[in-house]
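Enquirer: The structure follows.
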Amino acid sequence: MSYDVAIIGGGVVGCAVARELAGFDLRIVLIEARGDIGDATSKANTAILHTGFDAVPGSLESTMVARGYELLSEYAKASGIPVEPTGALLVAWDADQLAVLPKLQEKAVKNGYAKCEIVDADEVYRRVPDLGPGALGGLTVPDESIICPWTTPLAYSTEAKSRGVEFRLNCFVESIEVGSDTTVLRTTSGDITTRWVVNAAGLGGDVIDRMLGHDRFTIVPRRGELFVFDKLTRPMANTIVLPVPTEKGKGVLISPTIFGNVMLGPTSENLVDRTDTSTSEEGFAFLLAKGAALMPSLINEEVTASYAGLRASTEHSDFVVDCDRDQRYVLLGGIRSTGLTASMALAEHSRELLAKAGLVLVARADLPAPAQMPNIGEAFPRPYQREDLIESDPEYGQIVCFCERVTRGEIRDALVSPIPPCDLDGMRRRTRALMGRCQGFFCGAEVDELMRPDGDDHE
Amino acid sequence: MIMSEILIIGGGPAGLSAARELKVQGADRVTIIERENEAGGIPRHSDHTGYGLRDLKRVMTGPSYARTLVERADTAGVSIRTGAMVTGWAGSMSAEVTSAQGREVITPEAIILATGARERPRAARRVPGDRPNGVLTTGQLQNLVHLKHQAVGTRAVVVGAELVSWSAVLTLREVGCATVAMTTEFDRPESYAAMAIPGRLALRVPIARRTRVIRVIGRERVEGVEIEQIDTGRRRVIECDTVIFTGDWIPDYELAQSNGLAMDPGSRGPIVDTALRTSREGIFAAGNLLHPVDTADVASLDGVHAARQVMRWLAGEQAPLTAARVLADAPFTWVSPGLVRTGDVAPARDRVLLWSSEYRAFPKVVVRQGARVLSRRTLPWPVSPGRVFRLPWSMLEPARSSEDIRISLA
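As they're listed, the protein sequences go chains A and B.
In this text, residue positions in the first sequence follow the working numbering: the first is 1, and each later residue adds one.
In this text, residue positions in the second sequence follow the working numbering: the first is 460, and each later residue adds one.
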């Protein structure tokens with residue numbers, strides 16, 4: 001048995017590509033080394049839907065982010081991915097940063113975004129009264145939004161699955177042999193033969209690329225640690241508060257989250273270990289010091305969670321995207337934190353690259369209806385808030401996770417969904433269960449039981 | 460008989476005893492909203508003895524204590540609605556309730572908040588490291604073991620050495636998990652002797668004093684914790700497969716705060732006076748929401764006290780107008796009640812409750828109002844971290860103005 005396309009990597013980009021290509025008459029397999037989709041870089045990021053105002057003008061990243069913003073905004077509406085238009089405010093804390101604001105405004109225009117405005121300190125404090133002292137001015141980015149980073153790859157993969165894409169989870173590519181007509185992927189679950197390969201392997205992207213004989217980039221896992229503060233702090237941050245970018249990177253931001261919390265982070269630290277998502281003493285100390293200056297009132301509030309994510313940074317300033325016609329191979333490498341926003345554009349771009357290289361695309365007329373994702377965001381009514389839903393199915397009125405108000409109905413739905421969770425963490429990403437302030441003090445055992453196939457409450 | 464509905468939010472010891480007392484005192488409709496599927500609160504899954512001494516005058520296990528309180532409330536005619544949660548406020552006296560029956564708004568004559576407290580989980584304590592399976596609070600541990608009959612690991616480190624920590628050790632032992640170490644940031648062994656749990660000494664758990672947890676180690680499952688001796692800075696790793704974060708209580712204060720009640724920055728619970736009135740007329744509070752945490756029987760007696768005050772308020776009695784804030788100096792971290800009204804009732808059990816971050820034997824306590832010393836006494840029981848310090852009401856009772864009352868150690 002042979003596939004037309006094998007996509008390596010089930011992160012937000014790989015899933016977007018799978019969904020896109022499954023719109024055509026193709027046999028597609030998606031290969032993911034981990035037990036769940038969206039379980040690496042895609043699950044731990046700042047969850048911002050970027051306008052691309054501060055990308056490098058003319059770069060592929062700039063084009064992909066701008067196009068991706070458009071595509072994902074539309075798709076989110078259609079599929080129910082939680083999005084909240086919060087806007088962003090870059091805050092200048094010294095004269096140098098203040099002087100950079102007009103340049104950033106011009107850069108935004110070059111990136112096709114003309115709605116940034118420079119505001120004075122009074123306006124900065126009017127918008128974010130809890131900011132610490134010393135802000136000199138700011139730049140508004142009215143269309144920056146927050147989005148659910150977990151529902152997005154799930155929506156893509158759910159739809160991809162309904163369109164017939166095969167998912168191979170816990171499947172690790174060990175070597176690749178390119179033949180004249182087909183390529184064989186030697187994996188931990190056997191050989192997979194395919195005509196075309198798309199490399200969306202994220203943190204392992206360079207390793208896969210080398211298996212195909214290339215040597216064009218090296219991934220440096222860049223760790224970002226973040227704090228999530230209690231929901232009661234949400235009124236302190238009604239917009240995304242961004243630092244003015246410097247040579248050292250984008251810096252620490254304060255952002256509302258789609259789940260109604262406030263997030264502080266990320267740190268930025270290059271690691272060697274591509275699997276090390278631990279948080280660190282130094283990272284915490286750095287964030288708390290930064291946070292104390294940015295928003296002193298936030299720091300003494302309760303912390304609900306902390307986590308770390310790894311970005312796939314490379315020696316290149318741009319995404320590393322290429323298509324090798326002879327190898328029938330598309331590379332989507334070095335996709336950093338903007339990958340969430342850019343995902344659908346990268347999928348569209350991949351499709352164009354593949355078509356140009358000779359993959360015959362015949363649009364399918366029999367596509368199933370788009371996926372409808374359960375709402376786990378705060379911008380729209382949650383199941384527990386919907387009288388109609390509870391009336392039709394009382395399990396949506398039975399709150400199991402009190403802090404996050406997750407109902408038995410939602411947990412049940414997740415367990416029988418097309419891409420079901422394989423562990424508690426997967427359940428958390430699908431429903432928000434256990435991610436609240438008590439971290440399982442009240443509901444941990446209950447959710448654990450519901451997850452067990454031999455449990456009393458689960459058929 | 461007063462023809463009105465009284466709503467009690469939370470069906471733990473405080474809520475159950477408040478509800479029962481209201482019925483005993485002749486209230487018409489008393490409803491408890493309990494979000495768990497069974498009322499009884501935390502004692503339900505604390506499967507060891509030591510409950511009921513102060514309120515029921517006999518010692519029993521947590522689960523039978525919880526059952527007894529539920530039965531007593533039930534027999535008295537309280538409507539206990541389990542699996543129902545107050546998910547917000549539709550107005551300051553209107554609770555929005557979500558359950559399998561749907562969504563409804565209840566607007567009672569009076570409300571008693573009795574939402575209790577929880578332990579701060581690892582994240583809230585800002586402990587870095589890996590995020591493996593096997594990191595639990597006592598609450599989650601006891602839920603797993605006693606209600607769901609699940610196993611845990613074989614080697615545990617228990618973070619904390621207060622009453623609840625020993626409860627965790629007992630639970631671990633029951634399921635064959637040895638506690639290889641307990642850690643506490645405090646240095647006085649007396650601070651552990653909060654209550655004589657039978658067999659505590661026989662447990663033989665090594666205690667690392669003046670020690671804090673630096674990080675959790677282990678990708679999939681806990682492999683160890685790194686600890687630091689606070690005074691020497693010396694660090695070492697203890698191998699284990701389970702970490703229990705115990706104590707470090709925080710009230711479930713979110714409903715109180717979202718109602719707009721005045722909150723105490725120390726305990727994080729709502730500020731109440733000796734009659735357990737919050738800052739909003741008609742809303743009272745009781746139990747460990749106010750003093751995280753005292754024992755279940757004290758919470759229960761709080762409930763009884765709150766119920767009596769609710770009845771007096773429903774009968775038209777008004778709160779005395781002159782009110783003074785009660786504040787406590789370090790090492791105290793909170794005091795409850797936080798408000799004393801001149802000429803008001805005595806607090807529950809004639810006690811003022813405080814929490815301390817330091818140990819003091821034979822503490823000399825001074826209570827001042829402005830420049831005036833209200834009382835000064837050396838008490839025979841210690842001030843100790845990890846347990847409530849109780850002060851006789853007589854020491855505050857002479858307060859006679861709206862000037863702040865300060866409690867400090869000489």
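Even glycine gets a Cβ: it sits at the ideal position worked out from N, Cα and C.
Computed from a prediction, not measured in an experiment: that's the story for all the values here.
#1: Count the other CB atoms, across all protein chains shown, that sit within 10 Å of the CB of residue 768 of chain B; report buried if there are 16 or more and exposed otherwise.
#2: In terms of residues, what are the limits of the alpha helix (DSSP H) holding residue 343 of chain A?
#3: Which stretch, first to last residue, makes up the alpha helix (DSSP H) that contains residue 823 of chain B?
#4: Against residue 644 of chain B, what residues of chain A qualify as contacts under a CB-to-CB distance less than 7 Å, listed in chain order?
#5: My assumption, with CB atoms under 8 Å, is that residue 420 of chain B sits in contact with residue 762 of chain B. Please give the rounded CB distance.
#6: How would you label residue 747 of chain B, buried or exposed, when you count the other beta carbons within 10 angstroms and need 16 or more for buried?
#7: Against chain A, does residue 609 of chain B count as a neighbour if the rule is that its beta carbon must be under 8 Å from one of theirs?
#8: Between residue 545 of chain B and residue 499 of chain B, is the Cβ-Cβ spacing less than 8 Å?
#9: How long is the line joining the alpha carbons of residue 270 of chain A and residue 220 of chain A, rounded to whole angstroms?
#10: Interface residues of chain A around residue 713 of chain B at Cβ under 7 Å?
#11: Comparing alpha-carbon positions, which option in A/73, A/189 and A/39 lies nearest residue 275 of chain A?
#12: Quick check on residue 103 of chain A: buried or exposed, where buried means 16 or more other Cβ atoms within 10 Å of its Cβ?
#13: What's the gap between the Cα of residue 742 of chain B and the Cα of residue 806 of chain B?
#14: Apply the 10 Å Cβ neighbour rule to residue 111 of chain A and answer buried if 16 or more other Cβ atoms are within range, or exposed otherwise.
#15: Beta carbon of residue 567 of chain B, beta carbon of residue 465 of chain B: below 8 Å?
#16: Report yes if the CB atom of residue 477 of chain A is closer than 8 Å to the CB atom of residue 503 of chain B, and no otherwise.
#17: From the DSSP output, which residues share a beta bridge with residue 292 of chain A?
#18: Give, in chain order, every unbroken run of the beta strand (DSSP E) that is at least 3 residues long and sits entirely within the stretch 227-274 of chain A.
#19: For chain B, check one thing: does any of its Cβ atoms lie closer than 8 Å to the Cβ of residue 209 of chain A?
#20: Apply the 10 Å Cβ neighbour rule to residue 231 of chain A and answer buried if 16 or more other Cβ atoms are within range, or exposed otherwise.
#21: Which partner residues of residue 704 of chain B appear in the DSSP bridge assignment?
#22: What residues of chain D sit near residue 718 of chain B, judged by a beta carbon separation below 7 Å?
#23: Nearest to residue 388 of chain A by CA position, among B/537, B/501, B/505 and B/558, is which residue?
#24: Identify the residues that DSSP records as bridge partners of residue 120 of chain A: which are they?
#25: Using a threshold of 8 Å, state whether the C-beta atoms of residue 686 of chain B and residue 680 of chain B are closer than that.
#26: What number of angstroms, rounded off, separates the C-alpha of residue 351 of chain A from the C-alpha of residue 344 of chain A?
#27: Roughly how many whole angstroms lie between the Cα atoms of residue 409 of chain A and residue 431 of chain A?
#28: Residue 157 of chain A lies in the alpha helix (DSSP H); which residues open and close that run?
#29: So, does the CB of residue 458 of chain A fall closer than 8 Å to a CB anywhere in chain B?
#30: Are there 16 or more other CB atoms within 10 angstroms of the CB of residue 188 of chain A, so buried, or fewer, so exposed?
#31: Could you tell me the alpha carbon to alpha carbon distance between residue 586 of chain B and residue 306 of chain A, rounded to whole angstroms?
#32: Please go through the same chain and pick out, in chain order, the residues whose beta-carbon is closer than 7 Å to the beta-carbon of residue 359 of chain A, but skip the five residues on each side of it.
#33: Establish whether the CB of residue 589 of chain B and some CB of chain A are separated by less than 8 Å.
#34: Smallest Cα separation from residue 535 of chain B: which of B/480, B/505, B/514 and B/508?
#35: Residues in the same chain with beta-carbon distance under 6 Å from residue 79 of chain A, minus the five sequence neighbours each way, listed in chain order, please.
#36: Got a sec: is the Cβ-Cβ distance from residue 484 of chain B to anything in chain A below 8 Å?
Expert: According to the structure shown:
#1: buried
#2: 339-356
#3: Unbroken run through residue 823 of chain B is the beta strand (DSSP E), 823-828; no alpha helix (DSSP H).
#4: Per Cβ cutoff of 7 Å: no residues; residue 644 of chain B is ~16 Å from chain A at best.
#5: The displayed coordinates of chain B run from 460 to 869. Any statement about residue 420 of chain B would go beyond what the structure contains.
#6: buried
#7: yes
#8: no
#9: 6 Å
#10: 232
#11: A/39
#12: exposed
#13: 17 Å
#14: buried
#15: yes
#16: Summary: the structure shown does not reach residue 477 of chain A, with chain A confined to residues 1 through 459, and so no result is reported for it.
#17: Its beta-bridge partners do not exist; DSSP assigns none.
#18: 240-243, 253-256 and 262-265
#19: no
#20: buried
#21: B/596 and B/618
#22: This model lacks chain D altogether; the protein chains it does include are A and B.
#23: B/558
#24: A/137
#25: no
#26: 11 Å
#27: 10 Å
#28: 151-162
#29: The predicted model places residue 458 of chain A with a pLDDT of 37, which falls under 50 and marks its position as unreliable; any figure quoted below should be read in that light. False, the Cβ-Cβ gap to chain B never drops below 8 Å.
#30: exposed
#31: 9 Å
#32: 196
#33: yes
#34: B/480
#35: 155, 370, 371 and 373
#36: no
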